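These notes are about the structure you will find just below.
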Amino acid sequence: MGVATYNRGSLLISRQHATYYPGGHNPNSADAPAQPRPADYGSKAAKRALKRACNVVRGSLAYGRTPPDLEMLTEIVQDIARVGRKTAAQAAAQALAEGGT
Numbered sequence: 006m007g008v009a010t011y012n013r014g015s016l017l018i019s020r021q022h023a024t025y026y027p028g029g030h031n032p033n034s035a036d037a038p039a040q041p042r043p044a045d046y047g048s049k050a051a052k053r054a055l056k057r058a059c060n061v062v063r064g065s066l067a068y069g070r071t072p073p074d075l076e077m078l079t080e081i082v083q084d085i086a087r088v089g090r091k092t093a094a095q096a097a098a099q100a101l102a103e104g105g106t
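Under this note's numbering, think of the first position of the sequence shown as 6, with each following residue one higher.
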């Protein structure tokens, strides 16, 4: 699709939107005020990260290897549990402190 075609399409969409919503923009759009996150936001991801970290530590100990250090375990958990660095670091520290239990 060329730039001119894209711009024509965007213009037509804008005109349709103005026709259907003459009062202005949607209040649920990006301009709406931010709402606070619920108290349990991210708890499932944290549980998943902790479970993966414990599995790595427990597996290392089961095969007679030393568990990975905090930095390496953080990267492993971040990759396999698909969580952020902060969540992965917290899960890795907890798993290493508990010994994978």
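Using N, Cα and C, we set each Cβ at its ideal position, and we do this for glycine too. Keep in mind it's a predicted model, so treat the numbers as computed, not measured.
query, result
"Counted within 10 angstroms of its Cβ, other Cβ atoms place residue 94 as buried (16 or more) or exposed", "buried"
"Proximity of residue 62 and residue 105 at Cβ, strictly below 8 Å", "yes"
"Three-state class that DSSP yields for residue 74 in the structure shown", "coil"
"Where residue 83 falls: helix, strand or coil (DSSP)", "helix"
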